[in-house]
Structure formats: structure tokens, C-alpha cells
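Visitor: Numbering (the working numbering), first residue to last: 132 to 507.
Using N, Cα and C, we set each Cβ at its ideal position, and we do this for glycine too.
Remember, it's a predicted structure, so these values are computed and weren't measured experimentally.
Take this structure, written in C-alpha cells, and hold onto it; I'll ask about it next.
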């Protein structure tokens, strides 16, 4: 076929979850709400993008929300190190530890993650699993081929000096499993005494001491990458949940999130532009500028919540803006996505969400994940 009709190919299917509601911005932010619960269900976050229409500058509270968000890369680590008594007592059972394998491919490589609940998740090829010696299950996406297996170990319940603990340590130290490069982040527990707060870099010191005993292990600081840009002279869609006025039509949640994405990527949004016929339906507003801020790294759920709280707190001071929004993109090759749901790359491995808030307290939660249908 010399000229395939590529436009006839259906796009990869996605699972979309869209929720709307209203928040009382005058009250102190609650410890739990729909947005906060959604943020806490998505453990591994790679990129955060904030979109601010019609503001003179990005609020300082938002700009500094991730001021201390650097993480670490541990190279050539045996997973047995994650079960050492010192590590379990000092970092898994105290504070919140995150880890995800670095630059591995979910469909073809062995992948690893540690959730903040202390669950070690191994997503393994068949050959690796058969030589590991630990109980697991077939990946729900590889039942026909039996090519991928999932093993989960609860690190918080491991008890040293038991047969089960010795078995886990022996299996995770086998040469057949190999070594992994892990991106890690650790949030220390809150200080309850005069000793003061423990430094988050203590995790790096622990692995540096391990590297003194095992020269193959390397510890690297991974600074958070920050990028800002500004777009001028745009028409932005209005966001409102008000349906009382039949003469007004507002864009859909998908259209609003798509517009945010196009602005974040500096795409041309003029509908009469020759190479681009993009347009959206509904009410729109002419504004002078849109400011965009990108962070890239490894972000914990607490750090994403800090961005959300900063945006929410800034809404009261920017009552003239149409809306504020932020987009959070997860790791495409993370073994899990929302909650403990198994992730599968196949076509794109998408697991992300967007949040839009307006000065009236109305919000949109728009969650996107790859369809979990088993490929044929």
C-alpha cells in the first residue's frame, strides 16, 4: 500500500474520568476533598504544568511551592538493599518513601516501584520471574502469552529474623534479577520533639554509605527542571458550571483541557491559521497573556498538593481571571498508575490528570488513563 489512509485509523482508546463541583474558597482548605483524594491516588508524578490566563506575574506562593523538590537517582542498586533492617526502620516505616525504575520500558524490561504505602512492586519478564523464587501473578495484560508477571511485597510488614524475611532477601539478591537504576524521593516524618526536623537528604546519605561498601552503586542528585514561557493575545474559553442562562454555551471539559495543553506546548490557536484549523465551542474571553510554568522531576503527592493549595489560595487575589489550571503527568512506564491499578504501555501508557478552578470555586477534575482492555 503506497498511500495508506492513516486518517482512517482509530486513535488509541483511553479511560476518561470527569468530575465537577464547587469549593468554598473562603474557608481553610479541608484535609480531604475530591481533588485532594484524586491527587493522593496518583503516586508517581513526572511533570506538573500550571497555566495562568490574564495575570501580570505568577504568584510567589505557586512559584515557590516546589522550591525543595529535588530527588535522587541511585544507579546499579540490588533490590535486596531495600529490605535491610536499617532502611526499613529508618525510611520505609518512618516518613514516606517513593521509588520508580529509571528509563525502563514497561513492555519489554523489568520495572520496579515502591509506593508510599511501602509496597514493592516488581513488573517482571517471564524469564526473570521464573528464576526469582517469589510468588506472584500473571500480568492482566499478558495472560495469553504469559510473558509478564507482577510480584508485590509489603515492606512495612517484613520482620527481620524470620524465615520469610530471609527468603525475600535471598531472592532479591539473586544475580538473575540484576541491578536497577531507581529514582527516589523521601519525605521525613514531622518532628514531634526539640530535636528538629530530619533532613530529606538523609536518604542520599544512607545510599552513599551503601556505595562505600558496594562500589557499583552510584548516587546522583536530580535537580527539578523548571521552564516558564508566556503566550500573548489569546482568546481563552470560559469555564463555568452555570446552566441557568440558555443563551450561553460553555466548552466541554475535554475542550478546556485540550486548550490548556495547546497553550502549554505553544501551539498556534488562531482558527484562521493556514496549517491549523483548531477551534472550540462556547463562550470565550479576549485576554492579554497566558503564563505557563513547567516543573519536571519526581514529585510526591504531598508536593502536588502544595501546588494545589498555592493555586487555591491565589484565586481570592485574582478574581478577574477566567480560571487557573494545572496538569500532572505520570511516568508512562511506571508499573502502577491510579491507586494500585496495573499500568500497561502498549500504545502510550498515559496516566495523568488536569484540574481547573475558577474564582467562584467551581472546579473540573479530568483524569486520563490508558484503557485497561487486554490487547488482542
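Please go through the same chain and pick out, in chain order, the residues whose beta-carbon is closer than 8 Å to the beta-carbon of residue 122, but skip the five residues on each side of it.
Guide: Summary: the structure shown does not reach residue 122, with the chain confined to residues 132 through 507, and so no result is reported for it.
Visitor: Cα-Cα, which of 484, 454 and 382 is closest to residue 147?
Guide: Among 484, 454 and 382, the Cα nearest to that of residue 147 belongs to 484.
Visitor: Report yes if the C-beta distance between residue 184 and residue 467 is below 8 Å; otherwise report no.
Guide: Their beta carbons are not under 8 Å apart, which means residue 184 does not touch residue 467 by this criterion.
Visitor: Among 216, 257 and 491, whose alpha-carbon lies nearest the alpha-carbon of residue 287?
Guide: Residue 216 is the option with its Cα nearest to residue 287.
Visitor: Could you check if residue 285 is buried or exposed, using at least 16 other CB atoms within 10 Å of its CB as the buried criterion?
Guide: Exposed: under 16 other Cβ atoms inside 10 Å.
Visitor: Can you list, in chain order, the stretches of the alpha helix (DSSP H) that have 4 or more residues and sit fully within the stretch 335-399?
Guide: Counting whole runs of 4 or more residues, the stretch 335-399 contains the alpha helix (DSSP H) stretches 384-395.
Visitor: Assuming residue 307 contacts residue 262 (C-beta within less than 8 Å), just tell me the rounded distance between them.
Guide: At roughly 4 Å, the Cβ-Cβ gap stays under 8 Å, so residue 307 and residue 262 are in contact.
Visitor: Using a 10 Å radius around the Cβ and a threshold of 16 neighbouring Cβ atoms, would you call residue 241 buried or exposed?
Guide: Buried, since its Cβ has 16 or more Cβ neighbours within 10 Å.
Visitor: When you measure from the CB of residue 151 to every non-hydrogen atom of the ligand FAD, does any distance come out below 7 Å?
Guide: By its list of ligands, the structure shown contains no ligand whatsoever, and the ligand FAD lies outside what it can speak to.
Visitor: Three-state secondary structure (DSSP) at residue 498?
Guide: In this structure, residue 498 counts as strand in the three-state DSSP scheme.
Visitor: Should residue 451 and residue 358 be called a contact, given that it needs their Cβ atoms to be closer than 8 Å?
Guide: It is not a contact, given that the beta carbons lie outside the stated cut-off.
Visitor: Would you check if there are 3 or more beta carbon pairs closer than 8 Å linking the stretch 162-169 to the stretch 492-499?
Guide: Yes, the stretch 162-169 touches the stretch 492-499.
Visitor: So, residue 521 versus residue 368, is the Cβ gap smaller than 8 Å?
Guide: This structure does not reach residue 521, given that the chain is present from 132 up to 507, and the question cannot be answered.
Visitor: On the premise that residue 191 lies in contact with residue 181, defined as a C-beta separation below 8 Å, what is that separation, rounded to the nearest angstrom?
Guide: Incorrect: roughly 13 Å between the Cβ atoms, too far for contact.
Visitor: Whether or not the stretch 272-284 and the stretch 247-256 are in contact is what I'm after, with contact meaning three or more pairs of Cβ atoms, one per stretch, closer than 8 Å; do they touch?
Guide: Yes: at least three Cβ pairs fall under 8 Å.
Visitor: I need the straight-line Cα distance from residue 170 to residue 384, nearest angstrom please.
Guide: C-alpha separation (whole angstroms): 18 Å.
Visitor: Do you know offhand how far residue 154's Cα is from residue 389's?
Guide: Using only the alpha carbons, I get a separation of about 23 Å.
Visitor: Indicate whether residue 427 and residue 355 have their beta-carbon atoms separated by less than 8 Å.
Guide: Yes; because the gap between Cβ atoms is below 8 Å, this pair is in contact.
Visitor: Classify residue 468 as helix, strand or coil using the three-state DSSP reduction.
Guide: Looking at residue 468 - three-state DSSP - the assignment turns out to be coil, as it is neither helix nor strand.
Visitor: Using only the alpha-carbon positions, how far apart do residue 213 and residue 364 sit?
Guide: Straight-line Cα distance between these residues: approximately 52 Å.
Visitor: Using a 10 Å radius around the Cβ and a threshold of 16 neighbouring Cβ atoms, would you call residue 380 buried or exposed?
Guide: Classification for residue 380: exposed.
Visitor: Using only the alpha-carbon positions, how far apart do residue 498 and residue 294 sit?
Guide: So the two alpha carbons sit approximately 43 Å from each other.
Visitor: In terms of alpha-carbon separation, which member of 276, 274, 436 and 372 lies closest to residue 490?
Guide: Comparing Cα positions, the closest option is 372.
Visitor: Compute the distance between the beta-carbons of residue 500 and residue 457, then report whether it is under 8 Å.
Guide: For residue 500 and residue 457, no; Cβs fall outside 8 Å.
Visitor: Identify every residue that forms a DSSP beta bridge with residue 149.
Guide: Residue 149 is bridged to 497.
Visitor: Out of 377, 434 and 207, which has the shortest C-alpha to C-alpha gap to residue 105?
Guide: One cannot answer for residue 105 here, as it falls past the ends of the chain, which runs 132 to 507.
Visitor: Ignore the nearest five residues each way along the sequence and tell me which others in residue 265's own chain have a CB closer than 6 Å to its CB.
Guide: Once the five neighbours on either side are set aside, the close Cβ partners of residue 265 are 282 and 302.
Visitor: For residue 132, which residues of its own chain have a beta-carbon under 8 Å away from its beta-carbon, when the five flanking residues on both sides are left out?
Guide: At residue 132, the pLDDT of 49 sits below 50, so the modelled position is not reliable and the matter cannot be decided from this model.
Visitor: Confirm, please, whether the CB-CB distance from residue 438 to residue 394 is below 8 Å.
Guide: No, the pair does not count as a contact, with Cβ atoms beyond the cut-off.
Visitor: Residue 179 and residue 462 look like a contact to me (Cβ under 8 Å); what is the Cβ gap, rounded to whole Å?
Guide: Incorrect: roughly 13 Å between the Cβ atoms, too far for contact.
Visitor: To the nearest angstrom, how far is it from the Cα of residue 115 to the Cα of residue 432?
Guide: No answer is possible for residue 115: it lies beyond the span of the chain, which begins at 132 and ends at 507.
Visitor: Count the other CB atoms, across all protein chains shown, that sit within 10 Å of the CB of residue 247; report buried if there are 16 or more and exposed otherwise.
Guide: When all chains shown are included, residue 247 counts as buried.
Visitor: Does residue 430 come out as helix, strand or coil in the three-state DSSP assignment?
Guide: In this structure, residue 430 counts as strand in the three-state DSSP scheme.
Visitor: Can residue 207 and residue 348 be called in contact, C-beta distance under 8 Å?
Guide: Closer than 8 Å, so yes.
Visitor: Does residue 173 come out as helix, strand or coil in the three-state DSSP assignment?
Guide: Here residue 173 sits in strand by DSSP.
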